[in-house]
Structures are given as structure tokens and as C-alpha cells.
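What follows is a single structure, written as C-alpha cells, with notes after it.
Next up, the structure:
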């Protein structure tokens, strides 16, 4: 076993077991076990399951505290000094002063492991946070596929893609913002559709084998059905050739799995897609790249008749005061909008640090902890491997339990609204739609627009319950007030930390799954 003796030898103390919200463990120079410091109690729990009796573990952030804002104490600094190994999550999860406390006080020869980054080598998957959540939607453009050679077409030919009808609760405007900010309209239902002039004012003109990015705006929540017709003009003096007609369905601010007459439909809510005219095949369809690529080499053809394009509540905006946006409505009015792609790519910010909300990532953390402890304490290698194998088996069973429990929730009710954006991994791993949160992070003060957007989301999706992290109750008045106004339940969910009721990672994930199932399986008590 390594010795943990440090300069402050006179500060030796007995090791204390930390369970639940008991007094935090004290690291000691006189303890023969491996002295481990972690940033959070959740990481400390994982280490204990791997290290067993061979480790003494202390967490810097106490249970019920918020790692995003906690300031380390002198006691915390003392534990850092005595540590033989340190584990942080990092990726900007912890308050920067916590990371500074580790880096400044940990001896140079002590491993300082950033788990979220290091676990990638063990197959952990990371997902990015979007700088503007309104951009985190599907990017929908228009495309012409094929050459039309059988009709004598060439690159100088024109393909006309016309909107001929819109059925929905409000207006639909599809437009392209040009270089100087002026809109070019492709489809505009506000003035109707005129068959007499060939739908001239609701037509996009593209050459063969080309595509365009664009924005899609909707004035009211609900289901919209847009009928589009395509024709090909091989030359200016030739009669246009009819290519086909198709109807495209949008679920705007409402549950896309509950569109009347489209049970079991595929839902498009991410990546890049195009309303596509295939002039060689003579049909219209959706060409979809779920990974967001701007080309179509690996894209898939999707049938619009069995597909719903989702325009989520996070795409809800207020119309700006700028005169250039008056075509959308009055300044301040709400509007749903799929954004115009910028080089076909989403704009991302930092990486989402809450990897453990996917149990598969927690397993990767455990494997990295196992190998780190073996490096620090080779004599305990067999014990660390055995402990890790046992615990990984428990986590694999936990993963199945969480998946099965959440799968019991009707798909149309699997919508998670929370205090802040901490559950992207839970949603991605277990099929939960992250439909809204008060702010991107708990340190941000919600605006009036945030509050309105939150209320609109709950009403439109008929959400029966919102979820609140127990340690953020004092800073969650917006969520609880909006829930109270709309008559929906407020249910607990754990994100970053434990408390007296939930004291281990396994308990936390089981609790979250059960809370989601019990609170979301029943419809809202009051019709919005």
C-alpha cells in the first residue's frame, strides 16, 4: 500500500466511513488504505464499489450541494493534500474553484483523473450541449435529385417545387434569408394558394441536382399538412413535365407520436433532411441524414406518408421588432421556427458533462477507476478486478431495469421537463424526449421568455408532470410556479448529487426511472 504522508503530518486523523449524508470521510497520512479524493459523492460511490476495503474515499462536494456552485473549504483542501489519487468529472461540471483546489494542492506524482474525458477510451459516449437550444432541431431544406436526362434536361433547366395547400391551425411560411437579410419566400400560406397562376408566389425554383437551406415558420401549435407539387421545365420554351405530388406532415409544439391517422409513424427531430424532388424517379420524398451531414451520399430515403417532422417547443421564439420580420407577424408574437442551416451544421458549445445519466457511461467510469487504482496499488489488482467485475454486472442489470421501466411509459408521454439541462444522456440512452428546462444551467437566471416558453411547452404537449432536482428546490421557483399555474405535478429526479433518501448511484438511477414511470404514465390531471 502507498503511504499518504504529506507535509502536514501532524494533521493525521482516523478515516470515517461516508454513507448518505454522514460526516465526510477524512483522508489521513496514518491510514494504510489508498486515500482517494473525488469531486462529488456520486463519483465517491463508484470508487467505493471498485476499491472496497482497500480505499478510503472523501468527496469535496457534500451531498445535497450543487457541484456547479460549491466552494471548497479548508477541510476539503486538507483532504486533497493527503490524497493518493484524485477523480473529477470535469468537462465544466464542477465549479472552477474545485478544479483549482485539486490542481494547486495535489502533489505532482499523484494521478489526477478527469473521468468524463478519460472514459472515452473505455467506450463512453459524450454529447454536446447546444449554444442555442432553439438550433437543436432538425435542419430542413429543399433538394432536387437526379439529372432529368430522359426529359432532355441539363444544368440550365428549372425544377419548380410548389406549395399548393396547407392544412393546419395557423400559417406556414418557408423562406430563405439572403446575404443582406432579406427573405426570399418559397411557401407562404398567409395569402392563400392560387392555382390560376401556377402557384407562382409559393414556388421554389432550383436547377437539377441542387439544394437550398431555409427556415420554416409556424404561427400556432398543432399539426400541419403541407401539400407540394413538382414540375420540371427542361427548357424555357418547353411545356413543364409533371414530376409528382406529396403531403408532408409537421407536429408543431405537440407530441409527434400522437398525430391523428399516423400511429407508428417515424419521427424526424434531428440531423439534416430535405424535401426532395427526384426528377429521375418521378416522386417526392424526404432525404434524411440523421447525423446532420450536408451531402446525401449516406442519406436515407423516407416516405412522407409515414413520417412526422417534429417542430419542438424549444423552437418557439418571439418575433423580433426588426421591420424585416414583419412578414412573420407582430413584434413579440410567439412563432415556432425550424432554423436555416449554417453550412449544414449545428452550432455547438461545451460538452454535456452529465455522462453518468447513461449507465453505460458509468460502467466506463468504473473501468477507468479500476485501472487507475491498480496502477496506484498493484498489490490490490485482483481485488480491484473482482470488485469491478461484480459491480459492472450490477450496473448492467441496472441498465436493463432503467430501460424496461422507462419503456413502460407510453411513448406519447415520454417528455421530460426539468430545472436545467442535465438529462441529455438519460434521454438519448432510454428514449426520453428532453422537451424543456427552465435554463441551460442552474446558475443562469430565467428570463420572462424562458417562463413563457416553459408554460407553452407544458400546455402544448399536455405534460402531466415536471421534474425537480431536490438540491435545487431553493432556486426552482419558476418551475414550481409554472407547474402550479397549469395544474401539473412536480416530481423528484436526481441529477448531480445524493441526499438522505438516495445515497448511491444505483439507488439514484432506479429512483429516477421509477419517478418518470409513475409521474408520466398517467395523463395530465387537468386539460391544458
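Numbering (mature numbering (1 follows the signal peptide of the UniProt record, and there is no 0)), first residue to last: -22 to -1, 1 to 506.
Beta carbons: idealized from backbone N, C-alpha and C, even for Gly.
Reduced DSSP secondary structure (H/G/I, E/B, other) of residue i
| i | result |
| --- | --- |
| residue 372 | helix |
| residue -9 | For residue -9, the predicted model reports a pLDDT of 28, less than 50, meaning its position is unreliable; a value from the coordinates is still stated below. If DSSP states are grouped into helix, strand and coil, residue -9 belongs with coil. |
| residue 332 | coil |
| residue 164 | strand |
| residue 383 | helix |
| residue 134 | coil |
| residue 67 | coil |
| residue 500 | coil |
| residue 320 | Residue placement at residue 320 is poorly supported in this model, since its pLDDT is 45, which falls under 50; the coordinates are not used for a value here. |
| residue 493 | helix |
| residue 235 | helix |
| residue 296 | strand |
| residue 13 | strand |
| residue 466 | coil |
Pairwise C-alpha distance: residue j and residue i
| i | j | result |
| --- | --- | --- |
| residue 256 | residue 183 | 14 Å |
| residue -16 | residue 35 | In this predicted model, residue -16 has a pLDDT of only 36, less than 50, meaning its place in the structure is not dependable; the value taken from the coordinates is given anyway. Cα-Cα distance, rounded: 20 Å. |
| residue 444 | residue 396 | 6 Å |
| residue 59 | residue 88 | 10 Å |
| residue 331 | residue 94 | 7 Å |
| residue 5 | residue 268 | 49 Å |
| residue 368 | residue 349 | 15 Å |
| residue 315 | residue 297 | 10 Å |
| residue 435 | residue 413 | 7 Å |
| residue 499 | residue 488 | 16 Å |
| residue 482 | residue 77 | 23 Å |
| residue 304 | residue 204 | 23 Å |
| residue 249 | residue 410 | 17 Å |
| residue 179 | residue 194 | 16 Å |
| residue 73 | residue 47 | 5 Å |
| residue 141 | residue 169 | 12 Å |
| residue 171 | residue 192 | 20 Å |
| residue 433 | residue 263 | 35 Å |
| residue 10 | residue 359 | 16 Å |
| residue 393 | residue 431 | 15 Å |
| residue 373 | residue 148 | 48 Å |
| residue 38 | residue 86 | 19 Å |
Own chain residues within Cβ distance below 6 Å of residue i, not counting five before or after
| i | result |
| --- | --- |
| residue 364 | none |
| residue 287 | 228, 246 |
| residue 459 | none |
| residue 49 | 75 |
| residue 385 | none |
| residue 68 | 92, 94 |
| residue 83 | 55, 58, 59 |
Nearest neighbour of residue i, chosen from the options [CA to CA]
| i | options | result |
| --- | --- | --- |
| residue 127 | 309, 210, 369, 92 | 210 |
| residue 265 | 223, 339, 281 | 281 |
| residue 343 | 16, 5, 24 | 24 |
| residue 20 | 500, 125, 65, 217 | 65 |
| residue 485 | 434, 215, 380 | 380 |
| residue 261 | 166, 283, 214 | 283 |
| residue 357 | 18, 303, 8, 33 | 33 |
| residue 105 | 231, 401, 482 | 401 |
| residue 71 | 18, 169, 143, 285 | 18 |
| residue 200 | 81, 387, 152, 144 | 144 |
| residue 251 | 116, 124, 299, 346 | 116 |
| residue 461 | 442, 494, 124, 382 | 442 |
| residue 188 | 121, 146, 131 | 121 |
| residue 164 | 152, 359, 39 | 152 |
| residue 494 | 22, 391, 452 | 391 |
| residue 197 | 375, 295, 98 | 295 |
| residue 222 | 258, 353, 7 | 258 |
| residue 118 | 16, 22, 100, 254 | 254 |
| residue 479 | 41, 408, 37 | 41 |
| residue 224 | 139, 236, 39, 160 | 139 |
| residue 406 | 336, 3, 162, 302 | 336 |
| residue 279 | 98, 452, 123 | 123 |
Other residues of its chain near residue i: CB distance less than 8 Å, five sequence neighbours each side excluded
| i | result |
| --- | --- |
| residue 520 | As displayed, the chain neither begins before -22 nor continues past 506, which places residue 520 out of reach and without an answer. |
| residue 102 | 94, 333, 338, 339, 342, 343 |
| residue 446 | 396, 397, 454, 457, 458, 468, 469, 470, 471 |
| residue 131 | 125, 186, 210, 212, 257 |
Residue i - partner residues in DSSP beta bridges
| i | result |
| --- | --- |
| residue 206 | 141, 224 |
| residue 182 | 139 |
| residue 261 | 256 |
| residue 230 | 200, 289 |
| residue 123 | 256 |
| residue 246 | 287 |
| residue 414 | 395 |
| residue 312 | 296 |
| residue 512 | Since the first residue shown for the chain is -22 and the last is 506, residue 512 is missing from the structure and cannot be characterised. |
7 Å Cβ shell around residue i - same chain, five flanking residues per side excluded
| i | result |
| --- | --- |
| residue 438 | 199, 231, 232, 291 |
| residue 30 | 361, 365 |
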